[in-house]
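K.L.:
The sequence shown begins at 1 in full-length UniProt numbering and counts up by one.
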Amino acid sequence: MPDRRSPNPRSRDGLLPPVGARTPGLDDLDDDTIRAEDDGDWDDDEWYEPNYMVRRALAIGGTIAAIAIIVFVVSKVIGGDDGGSGSASAASAEWNHVVVLTDDEIRIVDPSNGDVVDTYDGDADLLDAQSVVTGNVLVTMTDAGRITQTDLSDGTSTRGRASTDQALRLSTTNPTIAIAGTDGGGDVTLIDTNERTTLRVGDVAGLDDPLIFPMEVYVNPDGTHAAMSDARSFQSTVVDIAEGTAELLAGQVVAIGDDRVVTAQRAGANTELEFYDLAGERLGSVDVPTPAASLLTSDGNMLLVDASGAIRLANADGDVSELGALSDTEAPTATIEVEAGTTAFGGTRLLAITSRQVFVLNDAGLQLGVADGDITSTPTRASRCVTVGSPRSTGTSVQLDLDNASVIVEIGGGIVSNTSVDGCTAALIGGASPQIVHDGEIIEVDANSIVDIAPDGEAYVVLDGRDSELLTIDGESNVEVADVASVIRFAQR
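If you want it as structure tokens, here you go:
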């Protein structure tokens, strides 16, 4: 096992960021995607409602908040996806143009020279709207629920609608699927940006006033199906995105792959895991000590770690194999209490999280390494690298290579605000000056702030006064892409 590096002591006031968030609490514009296709005319008066986002954040009802905590804990504890091809995640790292959003205009900029190669009219205040780009599709959503999808190749657009004051986020498993919903729970909308289709889960599944949390919507690697739990009915829904149909399953969904979905029903200290195919046909079940972290492997088994650190492999035939336990060679007598888990690196790595450490396992259940601290950069399916350490800007952390859990670089301070798709290039804020972590080096950035990291990690955008500039990591190119207030995105056009 690689040597563990110990960052400075840190408090627990920095919690694991939501799996659905690309950056931990600092990239609200990239939160979940809503898209609704509507052939009719949009009536702004019909859909207008006041902006209740601040009040909603401050005053979610006690009952809903309690249910949200339960669902969040259980799903973080035993969520995962299988090790499929990951082609969509790989494609999401490709880009060849910069997208500049002003208050009323979409500009397509050549990154080599800063020339504007195309301009499209925006039909909303683009600076005030939420926005995400996946491939060559720009999705924007206003607080009033107005959604516009723009094909960045030719400027054609599709308008739609969603509920007011929802958040927009791309799936962390397959970024061609977007999810819209309210953090406090409710109905959610699935958006297939390849087919330009939109599905409201409550309508498709026939759910009456569902309580679904958008952070806990699972999408399979192929992007064909999504699964989510309804905290009101305590059942799960599997949606066939292409067909617009749904199947209801007992229990809470904890994982979905390209050929199966797994739900859980807890009874005391044990949990029954039930396996289904994507059409809802039951494949089998297994009883296990309640997991604290899990991963659905590419062959359809569940890799499990319970709260004590015991590692098991379970399958739909009811078989359970004991694989050992988590260990820390530098503190062999210390008690290990696993609290949560998440997956990364193409669905082949399980990160088991305690109050003070992160353990890295491969999909065979072999522990590859351990690092002290919290996860401070949000892992996705495409992540090869993850930052672990202090959640405070004055604390230290390390960047891990999830291939073997080795330390790539030690970071003296700062908070991760943005990363590349693979997580290996990261922007740090909160220190004396902005910094970029790339290829084992820490690069000082001479600018006011780092706006975003290119998906492939080979460039980044900084804000210097009013100017937005695109810089390459190698320092050979510095191009002004905007000289007005703007939002910057990257696109494959």
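We put the CB at the ideal spot given by N, CA and C, even for glycine.
Could you give the DSSP three-state label for D143: helix, strand or coil?
P.N.:
Taking the first residue of the sequence shown as position 1, residue 143 is located at position 143. Three-state result, D143: coil.
K.L.:
Look at the alpha carbon of S355 and the alpha carbon of E339, and state the distance between them as a whole number of angstroms.
P.N.:
Residue numbering aside, residue 355 sits at position 355 when the sequence shown is read from its first letter. Residue numbering aside, residue 339 sits at position 339 when the sequence shown is read from its first letter. Going from the Cα of S355 to the Cα of E339 covers about 7 Å.
K.L.:
Tell me which same chain residues have a C-beta within less than 6 Å of the C-beta of S112, skipping the five on either side of it?
P.N.:
If you number the sequence shown from 1, residue 112 lands on position 112. Closer than 6 Å at the Cβ level, and outside the excluded window around S112, lies no residue.
K.L.:
Verify whether the separation of the beta carbon atoms of V100 and S486 is less than 8 Å.
P.N.:
As a first step, residue 100 is located in the sequence shown; it is residue number 100 there, counting from the start. As a first step, residue 486 is located in the sequence shown; it is residue number 486 there, counting from the start. It is a contact, given that the beta carbons lie within the stated cut-off.
K.L.:
At a cut of 8 Å, does the segment 412-426 reach the segment 374-381 through at least three beta carbon pairs?
P.N.:
They touch, by the three-pair rule.
K.L.:
So, with DSSP's three-state summary, where would you put A178?
P.N.:
Position 178 of the sequence shown, counting from 1, holds the residue named residue 178. Note: A178 maps to strand in three-state DSSP.
K.L.:
Ignore the nearest five residues each way along the sequence and tell me which others in Y48's own chain have a CB closer than 6 Å to its CB.
P.N.:
Within the sequence shown, numbered from 1, the residue matching residue 48 stands at position 48. Note that Y48 scores 27 on pLDDT, short of 50, meaning its location in the model is unreliable and no value can be drawn from it.
K.L.:
What first and last residue would you give for the beta strand (DSSP E) that runs through D464?
P.N.:
For this step, residue 464 is matched to residue 464 along the sequence shown. Segment 459-464, the beta strand (DSSP E) holding D464.
K.L.:
Can you give me the C-alpha to C-alpha distance between T156 and D104, rounded to a whole angstrom?
P.N.:
Numbered from 1 along the sequence shown, position 156 holds the residue referred to as residue 156. Numbered from 1 along the sequence shown, position 104 holds the residue referred to as residue 104. Each residue's Cα considered, the two are about 16 Å apart.
K.L.:
Starting from G202 and walking both ways along the alpha helix (DSSP H), at which residues does that stretch end?
P.N.:
In the sequence shown, counting from the first residue as 1, residue 202 sits at position 202. Per DSSP, G202 belongs to the alpha helix (DSSP H) from 201-205.
K.L.:
Three-state secondary structure (DSSP) at P455?
P.N.:
Taking the first residue of the sequence shown as 1, we reach residue 455 at position 455. Residue state, collapsed to three classes: coil.
K.L.:
Closest by CA to V98, which one among V484, E469, D474?
P.N.:
As a working mapping, residue 98 is identified with position 98 in the sequence shown. Among V484, E469, D474, the Cα nearest to that of V98 belongs to E469.
K.L.:
Candidates I442, T342, E480: which alpha carbon is nearest Q399's?
P.N.:
Along the sequence shown, one-based indexing puts residue 399 at 399. Q399 has its Cα closest to that of I442, out of I442, T342, E480.
K.L.:
Using the Cα positions of I64 and E216, report the straight-line distance between them to the nearest angstrom.
P.N.:
Counting from one through the sequence shown, the residue named residue 64 turns up at place 64. Counting from one through the sequence shown, the residue named residue 216 turns up at place 216. Bear in mind that the predicted position of I64 carries a pLDDT of just 37, short of 50, making it unreliable; the figure below should be weighed with that in mind. Their Cα atoms are separated by approximately 15 Å.
K.L.:
Sorted by chain position, which residues of the same chain lie with C-beta nearer than 8 Å to V484's C-beta, five sequence neighbours on each side aside?
P.N.:
Numbered from 1 along the sequence shown, position 484 holds the residue referred to as residue 484. The answer, listed in chain order, is T102, R466.
K.L.:
Pop quiz: P214 and I179 are said to be a contact at Cβ under 8 Å. What is the actual Cβ separation, rounded to whole angstroms?
P.N.:
For the purposes of this step, residue 214 is taken as the residue at position 214 of the sequence shown. For the purposes of this step, residue 179 is taken as the residue at position 179 of the sequence shown. Contact holds; Cβ gap of about 5 Å.
K.L.:
Taking DSSP as the reference, what is the three-state secondary structure of P291?
P.N.:
Looking up residue 291 in the sequence shown gives position 291. Looking at P291 - three-state DSSP - the assignment turns out to be strand.
K.L.:
Does the beta-carbon of L366 have 16 or more other beta-carbons within 10 angstroms, so that it is buried, or is it exposed?
P.N.:
As a first step, residue 366 is located in the sequence shown; it is residue number 366 there, counting from the start. The residue in question, L366, is exposed, as its Cβ has fewer than 16 Cβ neighbours within 10 Å.
K.L.:
So, using beta-carbon positions, are T376 and V388 closer together than 8 Å?
P.N.:
Taking the sequence shown and counting its residues from 1, the one referred to as residue 376 is at position 376. Taking the sequence shown and counting its residues from 1, the one referred to as residue 388 is at position 388. Against a cut-off of 8 Å, the Cβ pair of V388 and T376 comes out as a contact.
K.L.:
Buried or exposed: E337, going by 16 or more other Cβ atoms within 10 Å of its Cβ?
P.N.:
Your numbering for residue 337 matches position 337 in the sequence shown. Result: exposed.
K.L.:
Any chance the segment 268-278 sits against the segment 320-329, with 3 or more Cβ pairs inside 8 Å?
P.N.:
Segments in contact, no.
K.L.:
Compute the Euclidean distance between the alpha carbons of N362 and L350, then round it to the nearest angstrom.
P.N.:
The residue labelled residue 362 in the question sits at position 362 within the sequence shown. The residue labelled residue 350 in the question sits at position 350 within the sequence shown. Distance between the alpha carbons of N362 and L350 is about 6 Å.
K.L.:
My guess is that I436 and Y460 are in contact by the Cβ rule of under 8 Å, so how many angstroms apart are they, rounded?
P.N.:
Taking the first residue of the sequence shown as 1, we reach residue 436 at position 436. Taking the first residue of the sequence shown as 1, we reach residue 460 at position 460. Rounded, the Cβ-Cβ distance is 6 Å, consistent with contact.
K.L.:
For V219 versus P210, is the C-beta spacing smaller than 8 Å?
P.N.:
To locate residue 219, count along the sequence shown from 1; it is residue 219. To locate residue 210, count along the sequence shown from 1; it is residue 210. Between V219 and P210, the CB-CB gap reaches or exceeds 8 Å.
K.L.:
Going by C-alpha distance, which of S327, I212, D118, I473 is nearest R232?
P.N.:
Residue 232 sits at position 232 when you count from the first residue of the sequence shown. With distances taken between Cα atoms, R232 lies closest to I212.
K.L.:
Return the chain-ordered list of same chain residues with a C-beta closer than 7 Å to the C-beta of V445, the five sequence neighbours on each side being excluded.
P.N.:
Indexing the sequence shown from 1 puts residue 445 at position 445. S433, P434, Q435, I436, V462.
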